[in-house]
Amino acid sequence: MTMRTPWAVNVNDRAPLTLVLVTRGACRLAPDNGADSELLTCGDVALVKGPHPYRVTDAEGSDDIAIIDEHQRCRSPTGEPLDLTYRHGLRHWGNDSDGPDQAIVASYTTVSSVGERILNVLPTVVKAPSGTALPGLIGVLLGELHADSPGQTAMLDRLIDAITITTVRTWATTSSAGAWLAGIDDEPVRMVLDVIHTRPEQRWTLNTLAAHARVSRSGLAARFTAQIGTPPMTYLTRWRLSLARDMLTDPYTTLDTIAARVGYSSAYSLSTAFTREYRTSPSAYRRTLTT
């Protein structure tokens, strides 16, 4: 996106997550849900959590010149289409191809069930702090944008993913809300999170989790709940069901197979837990993915 001042774009695309990387000039992100706006200057990266609308603008008080809807269509505030007017190539868009303000904007139109758990703890806007690994990734991304090589789209997608993940990680290290993403300071809690995330198929109980962490049952329950906000067995159940929900996107994976992979003894027991959590059966949920 390359813009000439004054400008403001009202984004109402309902994307669950959007990355904004300023490569020239500056812009301000202003969420529509009452959260504070963020000033971004050249080299800054921010994530915007949807589905609430937000504005990207050169300055507070600038009038909207474009509105982006949930189908990624662009129009003026009076309804005229702007897609062709503002397009300057395959990945170049804006009211001036040589404008002083430029940013890379990448939207995630869907996220996995596990991704939803991460989104739930993110604030509306996450601005990456300085002193991260981002400058190196950004340099590679900009180089790839100016190349015309086979596989460019796939490479750009992976680089955007890497920048997004790095931004979330750096935020998590400075936020108590993101403690479980950052790797918890409490060693027993970190040990339990690790085995839950990497070995969900095992028949974990509070006893076996506590033994793994070398603490008592009551000690683990208290420490885990204080750090994560839910008891360990509740967290385990929700993690397993999030994984199962993602696996249901593959129509060839049977429910018995999914149950075994996420630690349930049978398709029936998985279905019962899934229905209790999501208020729909696994088979009904799978059907919604094909309609």
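Residue numbering for the sequence shown follows UniProt numbering, starting at 1 and increasing by one per position. Glycine residues also receive a C-beta, built at the ideal position from the N, C-alpha and C atoms. These numbers come from a predicted model, not from an experiment.
Give me whichever residues DSSP pairs with residue i in a beta bridge.
i: Asn10; result: Arg55 and Ile67
i: Ile104; result: Leu21
i: Val126; result: Leu47
i: Glu60; result: Its beta-bridge partners do not exist; DSSP assigns none.
i: Arg276; result: Answer is none; Arg276 lacks a bridge partner.
i: Met3; result: Asp101
i: Thr41; result: Ala26
i: Arg87; result: Trp93
Residue i by DSSP, collapsed to three states: which one?
i: Arg158; result: helix
i: Val121; result: helix
i: Pro31; result: strand
i: Pro232; result: helix
i: Pro282; result: helix
i: Trp239; result: helix
i: Glu80; result: coil
i: Arg75; result: strand
i: Arg261; result: helix
i: Leu137; result: helix
i: Gly115; result: helix
i: Ser149; result: coil
i: Tyr268; result: helix
i: Asp256; result: helix
i: Asp250; result: coil
i: Thr167; result: helix
i: Ala221; result: helix
i: Thr288; result: helix
i: Ala172; result: helix
i: Ala15; result: coil
Is the CB of residue i under 7 Å away from at least one CB in chain B?
i: Thr230; result: The structure shown contains no chain B; it holds only a single protein chain.
Here's a check: name, in chain order, each residue in its chain whose Cβ is nearer than 8 Å to the Cβ of residue i, leaving out the five neighbours to either side.
i: Thr78; result: none
i: Ile163; result: Leu19, Leu21, Val45, Leu134, Leu137, Ile138 and Leu141
Is residue i near the ligand COA, with its Cβ less than 6 Å from a heavy atom?
i: Tyr235; result: Among the components modelled here there is no ligand, and therefore nothing to report on the ligand COA.
Given this structure, state the Cα-to-Cα distance separating residue i from residue j, to the nearest angstrom.
i: Asp63; j: Thr23; result: 23 Å
i: Thr18; j: Arg203; result: 37 Å
i: Thr170; j: Val192; result: 22 Å
i: Ala8; j: Ile65; result: 6 Å
i: Asn120; j: Asp83; result: 32 Å
i: Arg276; j: Gly139; result: 47 Å
i: Ser265; j: Glu201; result: 10 Å
i: Trp93; j: Asp157; result: 18 Å
i: Asn207; j: Ala172; result: 29 Å
i: Leu248; j: Gly61; result: 46 Å
i: Val56; j: Gln227; result: 35 Å
i: Ile160; j: Ala15; result: 15 Å
i: Gly34; j: Thr109; result: 23 Å
i: Thr2; j: Thr288; result: 38 Å
i: Asp69; j: His197; result: 36 Å
i: Ala147; j: Met155; result: 11 Å
i: Asp250; j: Thr237; result: 21 Å
i: Gly25; j: Thr124; result: 23 Å
i: Ala59; j: Val168; result: 26 Å
i: Glu144; j: Ile104; result: 13 Å
i: Ser271; j: Ala222; result: 30 Å
i: Pro246; j: Ile67; result: The displayed chain sequence assigns Asp, not Pro, to residue 246. Rounded to the nearest angstrom, the two C-alpha atoms are 32 Å apart.
i: Ala128; j: Trp239; result: 27 Å
i: Leu40; j: Thr254; result: 47 Å
i: Leu241; j: Asp101; result: 44 Å
i: Arg73; j: Gly115; result: 26 Å
i: Ile118; j: Ala273; result: 21 Å
i: Leu122; j: Gly50; result: 11 Å
Return the chain-ordered list of same chain residues with a C-beta closer than 6 Å to the C-beta of residue i, the five sequence neighbours on each side being excluded.
i: Thr257; result: none
i: Asp32; result: His52, Pro53 and Tyr54
i: Pro81; result: Arg75
i: Ala106; result: Leu19 and Ile160
i: Arg261; result: Glu201
i: Thr225; result: Pro231
Leaving aside the five residues before and after residue i along the sequence, list all residues of the same chain whose C-beta is less than 7 Å from its C-beta, in chain order.
i: Ala213; result: Pro188, Met191, Val192 and Leu220
i: Ser216; result: Ala210
i: Arg87; result: Trp93
i: Leu29; result: Val20, Ser37, Glu38, Leu40, Ala46, Val48, Tyr54, Val56 and Val125
i: Met233; result: Leu206
Checklist entry - Considering only residues of the segment 178–219, which uninterrupted beta strand (DSSP E) runs meet the minimum length of 3 residues and lie entirely inside it, listed in chain order? => result none
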